[in-house]
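S.K.: In our numbering, the protein residues as written are 1224 to 2272. Have a look at this one before I ask anything.
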């Protein structure tokens, strides 16, 4: 669990946290002139008193004021007595209420004030000690300059004059700041950044002013808690052991990368005993196991996530510090495991984390690609793809399991034998498993992600040896291993490539054989079959298909049960349907897989026969339900007859599964009413919704420790596994103290990102500007072009009236385009070209900056999400299945501007429309526009902003060297736009203007931000996985903690 010290005075490094004074409502109302009469009386009286004190002695002023007060009270008392005598009333003493008022200080009040006073006194003494004893030379020099400046102040003003100036400032400056907050904040931030820049230059120039790396690290470590000495010593010992015996290095020759590997192996040591014990526990209990099949896992880095989940981050920090190493530098050396394209792969990674955290006996299965998603480089504004050789230095987390290597067959032919069908004359490739640990958070559970790598058969072709062509024999071996060589760089556009089909079957065949082997065995490590009956298979095995990529698992499991295990068709089919479930991830027609029959006939002839028979029996059921309805039969068939005959893999997945789910409420409705309408009408009980989620461990605890600490101080440390507890933050959404704390964390994250942008992109941004961010794969339906049109509109406004009030923005867009997706790559080029114009225009200055974030990936997302102010989720309504980036931004306190698409709909329901910026058409309005016909020229001719933007794009304003560079983009906008950008343009611009207005009211913005955080509990992947478990897989999540490795079972 997240351990935090609440109500601390000292934070462990000699510095003291500021304790907040009690709320100062009356004082605040006075200095902000809420009641002008009261403020005028207090200000006038106070100023008169101070003027008197400057002319007379303090004793005289006190005496005269007291006499004046006494004269007034005596006169009033006499007056009231006379009045009562005349009127013959008995009202009593005129000051009775004041005389009875309790003016004594309670013991609690005295203690509270004393605690505050002591804390400030301690902080003052500690600070003075640092300055006078020169802990930091630069700080001491600055202090000296301040003291020297104060000598001149003292020569000009006496003490009482300074107090008078301060008193006047107290009643004027807050009101001035309130009325001009945005402008003052911007200029103050610029001044602060300039001072910081000068300070850094001074520190770089003066060696004595530099802090050592260890001093920096020590300061960072101390705020994370205190590590146990024995844990630290153990980690240091293990670290040195791995450096010497695993890496065969000593400190004289070891590189920083060696230190990273030594630390990774040390952390892995803490995993191994938990990993083994978890698997032993599963074999002893023999529970129903979940198998998650996905062709993509966008895991990112493992080191920091593992340390956090095991609860050893503090000890590792301290150990590295004591060894003179910077743990953050070591963490930066880890390669991203980029085995996915985007949302689908990252979702799979979040699900694995949640399944382990919820104590589920679950296994992930996929492919160990040698080259993951390509590394994106931007050269001359264009995307260039470079291979992602993520394994070039090795992977310290994986463990090869050659003893479980499995033969996979391709090609060949099918023959009839007395025992049944037989697949013969096949080509064989071996699948080698590599196991990767998946630790749960704080529960000692470690599950397994098993990734398959293709290996060629062990025996060479003897013909080549006889011919003396040894080299050709070796080359042929390598061809077989191409199956797991590279990840296909797109997950939303189907390409019927032979290698892709081989990858899908390779993963499914290896996985199914492994599942059957584990089902048959009952003892840990046993390879001997114990179970012989498959009657219990659906009660012990749940298979989840992550989109259609693993859909060949259905005919493959049928092949194993019928051909290898000799079950009848009826029994095998019943087992398959009760075991498998299918998740649909897209509504885009081009993304749905349809494999040519000719390709399947060649590569997987037995499976094509099985699919045909499944379809035959399925259509018989359709005929029974809907006799004579041939249109319905055509839509429900697994075989598409139009043009080249193809197998529709989504249809196969639905027929072969007992549950089908979408990934957001609106998406699930669309697949029921549109994409799979006929299937829903035939088997409505199969269809469900499981709204996606994200793991809060990586997407808040790891990437935003400042906000995590703040939340833990308010609501305790259970929220990382019970994210719904964030609801408690709502009661502080309007609290100025909490708002300031949230703003402080956000500003620190923005400063870190600003430094990264300056270092990596050479662009200086204004940290006080709004960080407006859109990061996702580049695709027309995600409408990065609409964002670009807004940028151009803002630029044109600034050029028209540079003196107008303008909310400064830094707009960042990031994402990768599929290498063969021409328009997507042109969109990147346009964004870069627009940024080049905007960023170099002196009239624009800091009001607007545009940055394309190169090589967007998990690790970069972990830096971006905490710093974002505004999240752009602007896809055309009805095109985004769910989205998970929107959830990550929300959890980190960014506000969302978006359409009613995907999970945006449910986000708005959770937080209320007052806390999100919704614009544009609904799904129904999009369908209505599609039916009426969309003519982009109508908007182009009637909206001057649209016309100006398009004319600039197609007229060469952003590409003066090549005026027709972006003509194709203009043509898409005007002639071939399937996503109706212009129809939503006006609403989008008006909503963006509202965003700018709200951002200027920081109190309102922070209130909305806190409400976003507080309502993000629903979007935890823990909630999603618990729903899958209970409603699809038939198992219960568990928050029970397994015993520590050192504890006897």
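Just so it is clear, CB atoms sit at the ideal spot from N, CA and C, and this is done for glycine as well.
#1: Between the segment 2126-2137 and the segment 2234-2241, can you find at least three pairs of beta-carbon atoms closer than 8 Å?
#2: From the DSSP output, read off the bridge partner residues of residue 1676.
#3: Within the same chain, show all residues whose beta-carbon is closer than 8 Å to that of residue 2101, passing over the 5 residues directly before and after it, in chain order.
#4: Span of the beta strand (DSSP E) holding residue 1606?
#5: If I'm right that residue 2014 touches residue 2081 with Cβ under 8 Å, what's the distance once you round it to whole angstroms?
#6: Less than 8 Å between the C-beta atoms of residue 2005 and residue 1606, yes or no?
#7: Excluding the 5 residues flanking residue 1658 on each side, which residues of the same chain have their C-beta closer than 7 Å to its C-beta?
#8: Which whole-angstrom value is the C-beta distance of residue 1930 and residue 2234, which I expect to be below 8 Å?
#9: Which first and last residues belong to the beta strand (DSSP E) in which residue 1187 is found?
#10: In the DSSP output, what is residue 2243 paired with across the bridge?
#11: What residues in its chain sit with their C-beta under 7 Å from that of residue 2160, if we drop five residues either side in the sequence?
#12: How big is the Cα-Cα spacing for residue 2255 and residue 1466?
#13: Which of the three DSSP states, helix, strand or coil, is assigned to residue 1665?
#14: With H, G and I counted as helix, E and B as strand and the rest as coil, what does DSSP make of residue 1454?
#15: Compare the C-alpha of residue 1872 against each of 2222, 1834, 2074 and 1897 and name the closest.
#16: So who's on the other strand from residue 1995, going by DSSP bridges?
#17: Is it right to say residue 1455 is buried, meaning 16 or more other beta carbons lie within 10 angstroms of its own, or is it exposed?
#18: Is residue 1735 helix, strand or coil when you go by DSSP?
#19: With a CB to CB cut of under 7 Å and the five nearest residues on each side skipped, what residues in its chain are close to residue 2263?
#20: Mapping DSSP to helix, strand and coil, what is residue 1803?
#21: In the DSSP assignment, find the unbroken beta strand (DSSP E) run with residue 1644 in it and report its ends.
#22: When you compare the CB positions of residue 1820 and residue 1831, do they come within less than 8 Å of one another, or not?
#23: If you follow the alpha helix (DSSP H) that residue 2274 is part of, which residue opens it and which one closes it?
#24: Are residue 1761 and residue 1798 close, meaning C-beta to C-beta below 8 Å?
#25: Taking only the alpha-carbon atoms, compute the straight-line gap between residue 1897 and residue 2044 and give it to the nearest angstrom.
#26: Mind pulling the alpha helix (DSSP H) runs of 4 or more residues that sit fully within the segment 2032-2092?
#27: Mind checking which residues open and close the beta strand (DSSP E) that includes residue 2121?
#28: Got a sec? Which residues, its chain only, sit under 8 Å from residue 1848 by beta carbon, not counting five neighbours each side?
#29: Since I believe residue 1486 is in contact with residue 1462 (beta carbons under 8 Å), could you give me their beta-carbon distance rounded to a whole number of angstroms?
#30: Check whether the segment 1526-1535 and the segment 1766-1778 touch, using three or more Cβ-Cβ pairs below 8 Å as the test.
#31: In the DSSP assignment, find the unbroken beta strand (DSSP E) run with residue 1561 in it and report its ends.
#32: Short of 6 Å in beta carbon distance, which residues of its chain neighbour residue 2103, apart from the five on each side in sequence? Order them along the chain.
#33: Below 8 Å CB to CB, which residues in the same chain sit around residue 1397 once its five sequence neighbours on both sides are set aside?
#34: Could you tell me whether the segment 1557-1570 touches the segment 1609-1616, where touching means 3 or more Cβ pairs closer than 8 Å?
#35: Is the separation between the beta-carbon of residue 2093 and that of residue 2218 shorter than 8 Å?
#36: Using a Cβ distance threshold of 8 Å, determine whether the segment 2071-2091 contacts the segment 1630-1645, with at least three qualifying pairs required.
M.R.: In short:
#1: yes
#2: Here residue 1676 refers to the residue found at position 453 of the chain shown. 1655.
#3: Against the chain shown, residue 2101 aligns to sequence position 878. Cβ neighbours of residue 2101 beyond the five flanking positions: 1810, 1889, 1893, 2124, 2146, 2149 and 2150.
#4: The residue you call residue 1606 lines up with position 383 of the chain shown. Segment 1605-1609, the beta strand (DSSP E) holding residue 1606.
#5: Counting from one through the chain shown, the residue named residue 2014 turns up at place 791. Counting from one through the chain shown, the residue named residue 2081 turns up at place 858. Not quite, the Cβ-Cβ distance comes to about 26 Å (not below 8 Å), so this is no contact.
#6: On the chain shown, position 782 is the one that residue 2005 refers to. On the chain shown, position 383 is the one that residue 1606 refers to. Result no, Cβ atoms of residue 2005 and residue 1606 do not sit closer than 8 Å.
#7: Residue 1658 sits at position 435 when you count from the first residue of the chain shown. Excluding positions up to five away in sequence, the list reads 1621, 1622, 1624, 1671 and 1673.
#8: Counted from its first residue, the chain shown places residue 1930 at position 707. Counted from its first residue, the chain shown places residue 2234 at position 1011. Rounded, the Cβ-Cβ distance is 15 Å, inconsistent with contact.
#9: Here the chain has residues from 1224 to 2272 only, and residue 1187 is not among them.
#10: Taking the first residue of the chain shown as 1, we reach residue 2243 at position 1020. Residue 2243 pairs with 1917.
#11: The count along the chain shown starts at 1 and reaches residue 2160 at position 937. Cβ within range, chain order: 2197.
#12: In the chain shown, residue 2255 corresponds to position 1032, counting from 1. In the chain shown, residue 1466 corresponds to position 243, counting from 1. Approximately 46 Å between the Cα atoms of the pair.
#13: Working through the chain shown from its first residue, we reach residue 1665 at position 442. The answer is coil: DSSP assigns residue 1665 none of H, G, I, E or B.
#14: On the chain shown, residue 1454 is found 231 positions in, with the first residue counted as 1. Residue state, collapsed to three classes: helix.
#15: Counting from 1 along the chain shown, the entry for residue 1872 is found at position 649. Selected option, being the one with the closest Cα: 1834.
#16: Here residue 1995 corresponds to residue number 772 of the chain shown, with the count starting at 1. DSSP output for residue 1995 lists 2034 and 2093 as bridge partner(s).
#17: Looking up residue 1455 in the chain shown gives position 232. It counts as buried.
#18: One-based indexing of the chain shown puts residue 1735 at position 512. If DSSP states are grouped into helix, strand and coil, residue 1735 belongs with the helices.
#19: Counting from one through the chain shown, the residue named residue 2263 turns up at place 1040. Correct list, in chain order: 1582.
#20: In the chain shown, counting from the first residue as 1, residue 1803 sits at position 580. Residue 1803: strand per DSSP, three-state reduction.
#21: Counting from 1 along the chain shown, the entry for residue 1644 is found at position 421. Where residue 1644 is concerned, the enclosing beta strand (DSSP E) stretches over 1643-1647.
#22: Working through the chain shown from its first residue, we reach residue 1820 at position 597. Working through the chain shown from its first residue, we reach residue 1831 at position 608. Yes, Cβ-Cβ distance for residue 1820 and residue 1831 is below 8 Å.
#23: The displayed coordinates of the chain run from 1224 to 2272. Any statement about residue 2274 would go beyond what the structure contains.
#24: Position 538 of the chain shown holds residue 1761. Position 575 of the chain shown holds residue 1798. Closer than 8 Å, so yes.
#25: In the chain shown, residue 1897 corresponds to position 674, counting from 1. In the chain shown, residue 2044 corresponds to position 821, counting from 1. Rounded to the nearest angstrom, the two C-alpha atoms are 27 Å apart.
#26: 2045-2062 and 2081-2087
#27: Looking up residue 2121 in the chain shown gives position 898. Note, residue 2121: beta strand (DSSP E), 2118-2121.
#28: Here the question's residue 1848 lines up with position 625 in the chain shown. Result list for residue 1848: 1905, in chain order.
#29: Mapped onto the chain shown, residue 1462 falls at position 239. Mapped onto the chain shown, residue 1486 falls at position 263. That pair is a contact at about 6 Å.
#30: no
#31: The residue given as residue 1561 occupies position 338 in the chain shown. Per DSSP, residue 1561 belongs to the beta strand (DSSP E) from 1560-1562.
#32: In the chain shown, the residue the question calls residue 2103 occupies position 880. So the qualifying residues of the chain are 2124 and 2125.
#33: Position 174 of the chain shown, counted from the start, is the residue given in the question as residue 1397. Excluding sequence neighbours, residue 1397 sits near 1254 and 1255.
#34: yes
#35: Counting from one through the chain shown, the residue named residue 2093 turns up at place 870. Counting from one through the chain shown, the residue named residue 2218 turns up at place 995. Closer than 8 Å, so yes.
#36: no
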